[in-house]
Ligand SMILES: Nc1ncnc2c1ncn2[C@@H]1O[C@H](COP(=O)(O)OP(=O)(O)O)[C@@H](O)[C@H]1O
Ligand SMILES: [Mg+2]
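Residue numbers (my numbering): 7 to 261.
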């Protein structure tokens, strides 16, 4: 199952969800590959220290090198401290990817084709998308079976979601990708945006919403500060338990 984590809104919890859902699935015994599709490299930073991430970014042993045929799968797939969990790191040079894609026939399928060569090794592949709606995000969605859409329980959290759904509809003309669910993130009980967000989402026809929600939890940031997922760093924290619950929901939907 290839699942992308996408939302054109930055700060909605895509990278955090990709890292922690991946870690929770690996802890549940799944063979998981995470792909950092964003040149901001936040997913890579969730597992590797800054210096390492910058070193991956510099050479060709990263997603860009893999897509452009300069690096082999075994050169770009990095094991993590967690058993069963590997990562293909990103590169700052991904800024040139859409320019490269524009000049090539069939580049909309570049990721789909590359994943076909390695997908057999994994039960779940999660792809962290950038906060944009361009050709590269279209290629990510098109390579996916399902997409998870994290939205922040905040006043503007749902703003722009209609654009994402229009964009997705366009991709669906040529690909079978469908929405696995909207995930409400960064819920703060002290503020009432949460209820508003849930009500607005319930009004959207045909859009599944995960039962699990992810609360604001400082443990998430503490973990990220030391290049770890909260799932391994502080497994009794509220957010770690919530990501474990999300992993169960996702596993059930993969069947
Ligand atoms: N549950 C959470 N509790 C506290 N902070 C969070 C939580 N989820 C995400 N964050 C923080 O919010 C910011 C945006 O999250 P991120 O996953 O990078 O979003 P995106 O990838 O969509 O831009 C980051 O600084 C991250 O540390
Ligand atoms: Mg991100």
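A virtual CB, placed ideally from N, CA and C, is assigned to each residue, including glycine.
Whether residue i touches residue j by CB criterion (7 Å)
i	j	result
residue 136	residue 44	yes
residue 237	residue 89	no
residue 51	residue 100	no
residue 350	residue 47	Residue 350 falls outside the range modelled here, since the chain spans only 7 to 261, and no answer is possible.
residue 25	residue 235	yes
residue 142	residue 103	yes
residue 95	residue 42	yes
residue 185	residue 219	no
residue 203	residue 190	yes
residue 87	residue 93	no
residue 49	residue 21	yes
Sequence-distant residues of the same chain with beta carbon closer than 6 Å to residue i, five excluded per side
i	result
residue 18	156, 157, 158
residue 55	233
residue 81	67
Proximal residues to residue i (C-beta, below 7 Å), its chain only, five neighbours per side dropped
i	result
residue 187	154, 214, 215, 216
residue 76	66
DSSP three-state assignment for residue i, whether helix, strand or coil
i	result
residue 83	coil
residue 189	strand
residue 237	helix
residue 158	strand
Residue i - partner residues in DSSP beta bridges
i	result
residue 10	133, 153
residue 256	Paired residues: none, contrary to the question.
residue 248	The partner list for residue 248 (beta bridge, DSSP) is empty, contrary to what the question assumes.
Residues near residue i in its chain [Cβ-Cβ closer than 8 Å; skip 5 each side]
i	result
residue 106	74, 113
Quiz item: At a cut of 8 Å, does the stretch 17-32 reach the stretch 234-250 through at least three beta carbon pairs?
Solution: yes
Quiz item: Are the stretch 157-175 and the stretch 110-129 touching, with three or more C-beta to C-beta distances below 8 Å?
Solution: no
Self-check item: Cβ pair count under 8 Å reaching 3, the stretch 137-148 against the stretch 248-261
Solution: no
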